[in-house]
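Take a look at the structure below.
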Amino acid sequence: MLWPSQVRSQRFRLVGFGRRGVDPEEVAAFLDRVAGDLAWAYGEVASLREQNARIKDALRSWQSRHAPTARDLAGYR
1 MLWPSQVRSQ
11 RFRLVGFGRR
21 GVDPEEVAAF
31 LDRVAGDLAW
41 AYGEVASLRE
51 QNARIKDALR
61 SWQSRHAPTA
71 RDLAGYR
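Read in order, the letters of the sequence shown correspond to residues 1 to 77 in our numbering.
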């Protein structure tokens, strides 16, 4: 999994002499944007996992309160 800090710390070598190749400022701006997007996405994933856990817990609780018991299924009252 790629983390925002890994994207921010990524460096590119220049090709040839001087400033030939990629523009370092443009690359840095792009990396900051990607890191920000990844940070947001990972935050959303964490939030959805928490929400999913709460829903599962609520469903288990509801099922245990409303599921018929073995006695109910056997017809004993």
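Using N, Cα and C, we set each Cβ at its ideal position, and we do this for glycine too.
In this chain, the alpha helix (DSSP H) harbouring residue 4 covers 4 to 9. Here the alpha carbons of residue 9 and residue 32 stand approximately 10 Å from one another. Straight through space, the alpha carbons of residue 60 and residue 6 are spaced by roughly 39 Å. With 16 or more other Cβ atoms from the protein chains shown falling within 10 Å of its own Cβ, residue 35 counts as buried.
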